[in-house]
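In our numbering, the protein residues as written are 0 to 452.
Where a beta carbon is used, it is the ideal one built from N, C-alpha and C, also for glycine.
Each remark here refers to the structure printed beneath this line.
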């Protein structure tokens with residue numbers, strides 16, 4: 000029996016199953032990763048960079064294979080799935096290109112004679128617990144910076160992504176990493192807890208739900224392990240002014256339907272000032288309604304199924320409950336199997352459950368506000384704090400609102416602009432860490448002070 004299985008959400012077909020590791024296999028993985036940590040840490044940055052660059056090349060060479068696997072596992076449209084693999088390659092390559100900057104000493108200005116530097120050194124073997132919504136991208140943004148600084152990786156992928164997990168492990172192995180530097184494990188949650196507790200493992204990173212993050216953090220805390228959390232989001236999309244309403248509406252649709260509406264930093268709450276609300280909502284609702292869920296294997300598909308029938312049923316319950324509590328469905332609101340119609344909710348109030356929840360699928364909530372102050376207040380009235388989007392023609396207002404928003408990221412007048420050099424992460428219940436950019440390479444290192452007289 001195994002929890003690891005590929006179940007195509009578009010068809011409901013179980014494509015393949017994978018056996019969960021035995022405890023002996025878990026022990027072997029930890030031992031190999033810990034042993035490889037010594038060898039990999041002693042490898043020069045230039046030699047590490049050469050292997051990491053080859054990992055990027057193999058992502059590009061195998062992008063069609065990996066993309067097809069992603070479609071089977073979680074229903075992402077094929078063009079987006081291949082694009083995800085290409086982005087993963089860009090991320091990996093970024094750390095190969097910038098390894099000297101990442102690993103070089105940082106001189107300090109000191110108040111006395113002599114010198115002082117901060118030298119970054121790897122911690123050792125790390126556990127990464129990855130989600131299903133970006134099977135290749137999520138692995139790249141955790142593994143690449145940590146391999147660059149000299150750590151080794153034990154990777155527990157989501158149970159519905161075992162085929163991606165195996166294909167990605169093959170890339171890291173074929174690129175020339177030493178044995179044990181990157182190991183995929185089909186582990187249970189209990190086995191993951193055992194790995195975290197093992198003294199040979201120096202830290203854990205998890206991307207997933209609040210529940211998963213809390214569970215991992217609890218185990219890590221008991222064992223005094225560094226933990227990095229990347230969790231959920233309910234990102235606001237604030238419209239204060241625009242000189243191109245159609246373009247702003249399309250940006251909203253793109254930001255909501257990206258990855259079939261299953262991106263942690265997808266725009267989910269659309270907060271529009273009174274003077275633009277009616278026109279925005281009319282156009283936004285029409286644009287959402289015009290997108291029809293379709294076969295994710297087709298090149299022109301924009302919206303495929305959500306990740307599973309269970310996920311679709313859970314989203315349906317949230318929408319139905321919102322309606323029962325007084326919300327209005329402007330378009331959509333129902334599903335067929337795992338295919339969910341693009342949905343827009345209005346008349347949502349703080350007393351409703353959906354006001355506080357994350358809608359993980361192609362569903363948006365629209366709010367009317369009086370002015371900038373009301374928009375910021377509503378945007379911040381959430382337990383999440385991942386990303387945010389602000390649309391305004393006033394540059395001073397953009398900076399003012401960006402300063403006031405309680406989130407780890409603010410994008411002004413653009414969406415879908417993630418890039419390898421830009422840090423990704425949130426605050427509040429959205430997480431505790433940063434991935435991508437140079438900040439990602441600082442999460443699991445010893446910043447050692449060396450002071451010389």
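In this structure, how does DSSP classify residue i when only helix, strand and coil are distinguished?
| i | result |
| --- | --- |
| residue 383 | coil |
| residue 338 | strand |
| residue 291 | coil |
| residue 0 | Low local confidence applies: a pLDDT of 37 at residue 0 is under 50, so the model's placement there is unreliable, and no value is given. |
| residue 162 | helix |
| residue 300 | coil |
| residue 390 | strand |
| residue 204 | strand |
| residue 224 | coil |
| residue 264 | coil |
| residue 229 | strand |
| residue 464 | Outside the modelled stretch of the chain, which goes from 0 to 452, sits residue 464, for which no answer is possible. |
| residue 322 | helix |
| residue 181 | strand |
Which partner residues does residue i have in the DSSP bridge list?
| i | result |
| --- | --- |
| residue 481 | Nothing in the structure corresponds to residue 481, since the chain is present only between 0 and 452. |
| residue 327 | 345 |
| residue 450 | 115 |
| residue 413 | BP columns for residue 413 are empty, so no partner. |
| residue 82 | In the DSSP output, where bridge partners are listed per residue, residue 82 has none listed. |
| residue 237 | 270, 389 |
| residue 126 | 153, 203 |
| residue 423 | 434 |
| residue 121 | 444 |
Are the C-beta atoms of residue i and some chain D residue less than 8 Å apart?
| i | result |
| --- | --- |
| residue 90 | Checking the listed chains, one finds no chain D in this structure; it contains a single protein chain. |
Would you mind stating whether residue i and residue j have Cβ atoms separated by less than 8 Å?
| i | j | result |
| --- | --- | --- |
| residue 194 | residue 186 | yes |
| residue 205 | residue 218 | no |
| residue 383 | residue 232 | yes |
| residue 139 | residue 53 | no |
| residue 386 | residue 230 | no |
| residue 110 | residue 127 | no |
| residue 149 | residue 55 | no |
| residue 271 | residue 238 | yes |
| residue 264 | residue 129 | no |
| residue 87 | residue 48 | no |
Tell me which residues share the same chain as residue i and place their Cβ nearer than 8 Å to its Cβ, disregarding the 5 neighbours each side in the sequence.
| i | result |
| --- | --- |
| residue 294 | 9, 300, 303 |
| residue 447 | 117, 118, 119, 120 |
| residue 282 | 244, 245, 248 |
| residue 192 | 218 |
Determine the direct distance from the alpha carbon of residue j to that of residue i, and round the result to whole angstroms.
| i | j | result |
| --- | --- | --- |
| residue 309 | residue 315 | 10 Å |
| residue 347 | residue 278 | 19 Å |
| residue 284 | residue 331 | 9 Å |
| residue 268 | residue 236 | 6 Å |
| residue 106 | residue 112 | 14 Å |
| residue 337 | residue 307 | 6 Å |
Leaving out the 5 sequence neighbours to the left and right, which residues in its chain are closer than 7 Å to residue i when beta-carbon positions are compared?
| i | result |
| --- | --- |
| residue 35 | 151, 177, 178, 179, 180 |
| residue 0 | Summary for residue 0: the model assigns pLDDT 37, below 50, so the residue's position carries little reliability; its value from the coordinates is reported in the next sentence. Excluding residues within five positions, none has a Cβ falling inside 7 Å. |
Leaving out five residues on either side along the sequence, give the residues of the same chain with a beta carbon under 6 Å from the beta carbon of residue i.
| i | result |
| --- | --- |
| residue 183 | 154, 164, 168 |
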